[in-house]
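Everything in the sequence shown is counted per the UniProt record's numbering, starting at 1 for the first residue and increasing by one.
Below is one structure, written out as C-alpha cells; the observations come after it.
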Amino acid sequence: MSSTAAQASVRDTIDINWGWQFHRGDIKGISHPSFNIQNHSLLDEAMRGCEVVNLPHDFQLYQPWVAPGADERANSKDAANNVKSRLSARGFKEMGIGWYRYELTPQEEWKGRRVMLDFGGIMLVGDVYVNGQHVGATDYGYLGFDIDVSKLLRYGKVNEIAVRADTRDTNNSRWYTGGGLFRDVRLIVTHDELFFPRHPLYITTSDNRVVNIKAEIVNKQKKPHGEQFNKMPVEVKIYDGAGKIVAQQKTDVNYNAKWRDREYELPSITIDDAKLWSCETPYLYTAEVTLYDKNGKVADRTREQFGVRTIELSPANGLKINGHKVLLKGYANHHTLGALGAAAYPRAIEQQLLTMKRFGFNHIRTSHNPYSEDLLRLCDQYGILVVDELYDKWNSQFTGGRGDFLSLWQKNIPEWVKRDRNHPSVVLWSLGNELQHHADMPFNDWGVTLYRLMRQLLHRYDHTRLTTVAMHPRYRNIDTDSLPADLAVATEVNSYNYRYMYFPGDMKRYPEKIFYQSEASTEAMGPNFFEMNLDKVMGLAYWGAVDYLGESLGWPLKGWNKGVFDMTMLPKPDAYFVKSMFSDEPLVHIAIIEKSGGETQWNGINVAASQLSENWNRKAGEQVSLYTYTNADEVQLLLNGKSLGVKRNEHDAKLRDRIRWDSVPYERGSLVAVARKAGKIVARHEISTTGEAVALRLEPESRCWQADGKDLQFVRVTATDRKGRRVLSAHQLLQIELKGEADIVAVGNGDMASSELPVGDKQLASHASRSLYEGAACIVLRSRRQAGKVELKVKSGNLSAGSLRMNTQ
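What follows is the structure, encoded as C-alpha cells:
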C-alpha cells in the first residue's frame, strides 16, 4: 500500500508503480462492469493477503506452461494466423483476468487542482475504478489513456484505485501479449482552469534551424465582462543537449473565451547554428512551453524533446535524412522483452537496442502495435530509426475483441500520433499489417477506403511523414501473384513482407512508388538484402531477429526461436552474418553447420534456417561444414596453425559475406579464421576445444545502476573451463541467492524448449533457480528505491561458485 506525499508545484508527475495488491483471476460476485460501492466489500475480501507487486507487471508470465492436448492439431485454414495448437500463439499460457488495487492518499493541497490518473497501457483490455466507481477503460491495451479523477478523490484520506485486466480469448491476438499493468501508472496534477491536456505539443522544424510549435491549451478562466477575445501569455524556451537556453520568446496569444480547448500556433523560434539529429549524431533539444494565468502567474508548464532534421522519401533514393541517403537496416519484433515478458522496463528496452546497434542495426519496426514511449525516447537518444505501427489486422478480433474496430481506430489514431509525432526517430507511420486477405473488410474494397480514411485522420495530426501498411503476400487476388493488391497500390509507401523479389517489376509498373521490405526472413538472410536495389529502396526489417515468447512452431518450443539473438540477447553465430552486412567494422566469424535448413512453413514462408554453433568439441575423425561470415576480401582457415586454404568473398548477392567450407576435419585444438582486406589482416576469430566446466563467471552488463526502484542489472552467468572459456556442453542447474537492495525479477537461458519458468511464484525474490543452456544464463535484478550494497551468489554442484558485489546509486 502507498501514500503519495509529493510537494505541489506547477505540474506534478508522480509515479505510482510500487505497492499494488494483485489478485489472479476474476472476483466472484462482482458484476463487471457494474462494479460499485455496494459490492466493494467483495474486492476487499478477495485482496486480503494477496501478493504485493511493483509495476511494470506481466501477470501471464508467472502462469505455468500448458502443453497441448493429444487432440490438438494445427489450423491450416488460415496460414497467416499460425495456429499450431490452441495456445501456441499465446506462449502456452492460459488466458485470464487479474485485479490490481492501490491505496492512494492525495494531499489536501491538491484540492481545487486538476488530478489525472495516467495509464501507459493495460494488457489486453482493462477497466479502472476509483472508490468503487467505474471511471475509464481501454479496449486496445497498447495505447495509454488518462482519467480526470479530481472530483472523485477524498483529499487527505485513503482512496482506492482498482484495475481489472483481461487477456481475452486465445484468438484475440496472434502472439504472446502478456497481461496486466505492463507499463507505468502515474498521477498528473495541474492547474484546474488553465492547463495543457494530454500530448499537447506538435513540434516541427524547417530550414534546419526554425522550430514551429503548435500547443493544445485548455483555458477555463472567466473572461472579463463584455470581452470575447483575450490575451494569453505563452513563453517558449529551447534548451540544448547541455541544458543551456539557446532560444526563447514570450508572446501573447489571442484566444476566444468561447473556445475552451483548442490548438494554438505559436510564433516560430530560431536556433542559431542548430545541430542536426541523425543516426550518427542523435542530437536532441528540449522545448519548454509555459502558460501564464490572468494574474501573470505560471499556470502550467510542459517539456518535450525533439530533433532538428529533415526526412525525404522518394522513388529515386528511398529515404534521405538531412539530404543524405540512409538505408533502413532493421528488425521487426513483438513488444516483449525475453524473460521479463511484456513488462516494459526502459533498461531492458535499452539493452536490446544497444545490442542491436552494436551489430549494425539502425532501425526497428514496432510490429504490430505501438510500443512503450520509452522505446521511442531511447531510439531518439541512440539514433535508431522507427517505422511506427498501429495495428495488426483491421478487425475487432485482433485489437482485443471487445470494442468495435470501426469506432476504435478513430480514437486510437489521435492518441498514437499525438504521443509519437515529436520523436525524430520516427520516419514512417504504418497503419496495419497483412491486411489484403480479407475482401470483407469495411466498404468491401480490400481495405482501400478504410486506409484512405485512416490516412486522412492521421495527417490531421502529423503532416511531416508518409503512411504505409505491410502487405503479405502482396498479390491482388488468390488466383494470381502477378500484380500487387489494390491496397498496396493505394498506400503512400509500398511495404511488402518477404516479397522483395517483386520490387523490380512493381517499380517499373509504378515508378512513383517507394518500396520497403517490412519483414525479411532470417532464413533468406543475405540474398534478401543484397538482391534489392539498395540505392532505391528504403531498406528492410528482419522478422523475429530476437527470439520471443509466443508464435511457437510447436511444443515444446515456447515461442519463436528463429532469431539471430536468443531471448537473453546473446548473439547466435548468424548474428555476425547480419553484422557483416550491416556494419563497416572489419569482421570474420566461424559458424559450424550442425543441421541444414529444411522446409518449415510459417505464414507461407520457409523458416527452416540452418542450426549453427561455435562448438569445437567434437568426435574424433568427424568432418564438418561451416561458414565464415566476413565483410573482408578473403578468409584463410587454419587448424592448429595449419592452413586449410584461402577463399574469396564473392560479390554475388546469394554468396556475399558468407563463405562456405565443406569437409573441414576435426582435431582437438583451435580453428582460426583470418580475414584480409587489400592484403592486410583486418579481423580474426578463433574457436577451440574446451575442457570440463569448473567454475561460474558472473559479469554485470552495466556499472551504473540507479536506486530508483525500477532500474535493472543484467548479470551474465557463464560456465568456464580452467582457461576461462565458455563450455557449451554445460547445462547444470544454478542456485541463485541475492542479498541487499535489489530483487530477482527474471532468469533466462535462451532455451526456448525449456519448461522452467523465467520467474518464481512471486514477482520479486531473493532466491531462484535455472539451468544453464549451452553454458550460459542471464539473471535480471531490479533495484530498490534505497541505495545500497547488493551481493549475488550463484552455485551449481561441484563448479566453483560465482559471486558479485555491486552498489546501487
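Here a beta-carbon is modelled for each residue, glycine too, at the ideal position from N, C-alpha and C.
Requested in this report: State buried or exposed for S580, treating a residue as buried only when at least 16 other CB atoms are found within 10 Å of its CB.
Outcome: Start at 1 with the first residue of the sequence shown, and residue 580 comes out as number 580. Its Cβ being crowded by 16 or more others within 10 Å, S580 is buried.
Query - CA nearest to the CA of R421, picked from A316, Y475, G307 and F145 - result: Position 421 of the sequence shown, counted from the start, is the residue given in the question as residue 421. Cα-wise, what sits closest to R421 is G307.
Query raised in the report: Roughly how far, in whole angstroms, is the beta-carbon of T491 from the beta-carbon of T464, given that I think they are within contact range, below 8 Å?
Result: Indexing the sequence shown from 1 puts residue 491 at position 491. Indexing the sequence shown from 1 puts residue 464 at position 464. In fact, because the Cβ distance is near 17 Å, the residues do not count as touching under 8 Å.
Report task. Starting from the Cα of S610, find the closest Cα among M525, K536 and P414 and give me that residue. Result -> As a first step, residue 610 must be located in the sequence shown, where it is residue number 610. Closest by alpha carbon: M525.
Query raised in the report: Would you say the stretch 695-712 touches the stretch 613-629, given that touching needs at least three Cβ pairs under 8 Å?
Result: no
Query raised in the report: Mapping DSSP to helix, strand and coil, what is A67?
Result: Position 67 of the sequence shown, counting from 1, holds the residue named residue 67. Reduced to three states, the DSSP call for A67 is coil.
Query - 8 Å Cβ cutoff met for W175 and A89 - result: Along the sequence shown, read from residue 1 onward, the residue named residue 175 stands at position 175. Along the sequence shown, read from residue 1 onward, the residue named residue 89 stands at position 89. The answer is yes: Cβ separation under 8 Å.
**Report entry** Alpha carbon of R504 to alpha carbon of E531, nearest angstrom
**Finding:** In the sequence shown, residue 504 corresponds to position 504, counting from 1. In the sequence shown, residue 531 corresponds to position 531, counting from 1. Residue 504 is actually Pro in this sequence, not Arg. C-alpha separation (whole angstroms): 10 Å.
Query raised in the report: So, V149 versus L181, is the Cβ gap smaller than 8 Å?
Result: Numbered from 1 along the sequence shown, position 149 holds the residue referred to as residue 149. Numbered from 1 along the sequence shown, position 181 holds the residue referred to as residue 181. Cβ atoms of V149 and L181: not closer than 8 Å.
**Report entry** Range of the contiguous alpha helix (DSSP H) that encloses A541
**Finding:** Taking the sequence shown and counting its residues from 1, one reaches residue 541 at position 541. Counting along the chain, A541 falls outside any alpha helix (DSSP H), though it belongs to the beta strand (DSSP E) covering G539 to W543.
**Report entry** 8 Å Cβ cutoff met for L487 and W429
**Finding:** Here residue 487 is taken as the residue at index 487 of the sequence shown, counted from 1. Here residue 429 is taken as the residue at index 429 of the sequence shown, counted from 1. It is not a contact, given that the beta carbons lie outside the stated cut-off.
Query raised in the report: Can you tell me whether DSSP reads C704 as helix, strand or coil?
Result: The residue given as residue 704 occupies position 704 in the sequence shown. C704: coil per DSSP, three-state reduction.
Query - C-beta atoms of G91 and L549 nearer than 8 Å - result: As a working mapping, residue 91 is identified with position 91 in the sequence shown. As a working mapping, residue 549 is identified with position 549 in the sequence shown. The answer is yes: Cβ separation under 8 Å.
Query raised in the report: Can you list, in chain order, the residues of its chain whose CB lies under 8 Å from that of Q381, leaving out five sequence neighbours each side?
Result: If you number the sequence shown from 1, residue 381 lands on position 381. Closer than 8 Å at Cβ, skipping near neighbours: P282 and L284.
Query - Whole-angstrom distance between I188 and H57, CA atom to CA atom - result: Position 57 of the sequence shown holds residue 57. Position 188 of the sequence shown holds residue 188. So the two alpha carbons sit approximately 21 Å from each other.
Requested in this report: Compute the Euclidean distance between the alpha carbons of R101 and G19, then round it to the nearest angstrom.
Outcome: Within the sequence shown, residue 101 is the residue found at index 101, counting from 1. Within the sequence shown, residue 19 is the residue found at index 19, counting from 1. Their backbone Cα atoms lie some 9 Å apart in a straight line.
Query raised in the report: CA-CA distance, K789 and H589?
Result: Taking the first residue of the sequence shown as position 1, residue 789 is located at position 789. Taking the first residue of the sequence shown as position 1, residue 589 is located at position 589. Between K789 and H589, the C-alpha separation is close to 39 Å.
Query raised in the report: Among all the DSSP beta bridges, which residues are the ones paired with F195?
Result: Along the sequence shown, read from residue 1 onward, the residue named residue 195 stands at position 195. Paired residue(s): V218.
Query - R11 to E389 span [Cα, whole Å] - result: Residue mapping note: residue 11 aligns to position 11 of the sequence shown, counting from 1. Residue mapping note: residue 389 aligns to position 389 of the sequence shown, counting from 1. Roughly 31 Å separates the two Cα atoms.
Query raised in the report: Where does the unbroken alpha helix (DSSP H) through K357 begin, and where does it stop?
Result: As a position in the sequence shown, residue 357 is number 357, starting the count at 1. From DSSP, the alpha helix (DSSP H) with K357 extends over P346 to R358.
Query raised in the report: Leaving out five residues before and five after L55 in sequence, what residues of the same chain have Cβ atoms less than 7 Å from its Cβ?
Result: In the sequence shown, residue 55 corresponds to position 55, counting from 1. Only N17, W20, L181, D184 and V185 meet the Cβ criterion.
Query raised in the report: Can the beta-carbon of I659 be found closer than 8 Å to that of T689?
Result: For the purposes of this step, residue 659 is taken as the residue at position 659 of the sequence shown. For the purposes of this step, residue 689 is taken as the residue at position 689 of the sequence shown. No; because the gap between Cβ atoms is not below 8 Å, this pair is not in contact.
Query - Counted within 10 angstroms of its Cβ, other Cβ atoms place R455 as buried (16 or more) or exposed - result: Translated into the one-based positions of the sequence shown, residue 455 becomes position 455. Under this definition R455 is a buried residue.
Query raised in the report: Cα separation between N362 and I213?
Result: As a working mapping, residue 362 is identified with position 362 in the sequence shown. As a working mapping, residue 213 is identified with position 213 in the sequence shown. Whole-angstrom Cα-Cα distance: 28 Å.
Query - Per-residue burial, L406 [other beta carbons within 10 Å of its own, 16 or more giving buried] - result: Stepping through the sequence shown from its first residue, residue 406 is reached at position 406. Label assigned to L406: exposed.
Query raised in the report: beta strand (DSSP E) containing Y285: first to last residue?
Result: Within the sequence shown, numbered from 1, the residue matching residue 285 stands at position 285. It spans Y285 to Y292 - the beta strand (DSSP E) in which Y285 sits, taken as one unbroken run.
Query raised in the report: For R509, does the three-state DSSP call read helix, strand or coil?
Result: On the sequence shown, residue 509 is found 509 positions in, with the first residue counted as 1. The answer is helix: DSSP assigns R509 an H, G or I state.
Requested in this report: Return the residue from the list R365, K558, M47 and A137 that minimises the CA-CA distance to S85.
Outcome: Residue mapping note: residue 85 aligns to position 85 of the sequence shown, counting from 1. Nearest of R365, K558, M47 and A137 to S85, Cα basis: K558.
Query raised in the report: From R301, T13, D15 and Y62, pick the residue whose C-alpha is nearest to that of G25; which is it?
Result: The residue given as residue 25 occupies position 25 in the sequence shown. Measuring from the Cα of G25, the nearest candidate turns out to be Y62.
Query raised in the report: Assuming D139 contacts V158 under a Cβ cut-off of 8 Å, what Cβ separation, rounded to an integer in Å, is found between them?
Result: The residue you call residue 139 lines up with position 139 of the sequence shown. The residue you call residue 158 lines up with position 158 of the sequence shown. Contact doesn't hold; Cβ gap of about 30 Å is too wide.
Query raised in the report: Does DSSP put C379 in a helix, in a strand, or in coil?
Result: The residue labelled residue 379 in the question sits at position 379 within the sequence shown. C379: helix per DSSP, three-state reduction.
Query raised in the report: If you run the structure through DSSP and keep just helix, strand and coil, what is A675?
Result: Counting from 1 along the sequence shown, the entry for residue 675 is found at position 675. It is a strand residue.
Query raised in the report: Cα separation between R168 and R358?
Result: In the sequence shown, the residue the question calls residue 168 occupies position 168. In the sequence shown, the residue the question calls residue 358 occupies position 358. R168 and R358: Cα-Cα distance of roughly 38 Å.
Query raised in the report: If you check the beta carbons only, do V744 and V794 fall under 8 Å apart?
Result: Locating residue 744 in the sequence shown gives position 744, counting from the first residue. Locating residue 794 in the sequence shown gives position 794, counting from the first residue. In the sequence under discussion, the amino acid at residue 744 is Ile, which differs from the Val named in the question. In this structure, V794 does not lie closer than 8 Å to I744 by Cβ.
Query raised in the report: For M232 versus D252, is the C-beta spacing smaller than 8 Å?
Result: As a working mapping, residue 232 is identified with position 232 in the sequence shown. As a working mapping, residue 252 is identified with position 252 in the sequence shown. Cβ atoms of M232 and D252: closer than 8 Å.
Query raised in the report: Within this structure, are the beta carbons of R303 and H191 separated by less than 8 Å?
Result: Along the sequence shown, read from residue 1 onward, the residue named residue 303 stands at position 303. Along the sequence shown, read from residue 1 onward, the residue named residue 191 stands at position 191. Against a cut-off of 8 Å, the Cβ pair of H191 and R303 comes out as no contact.
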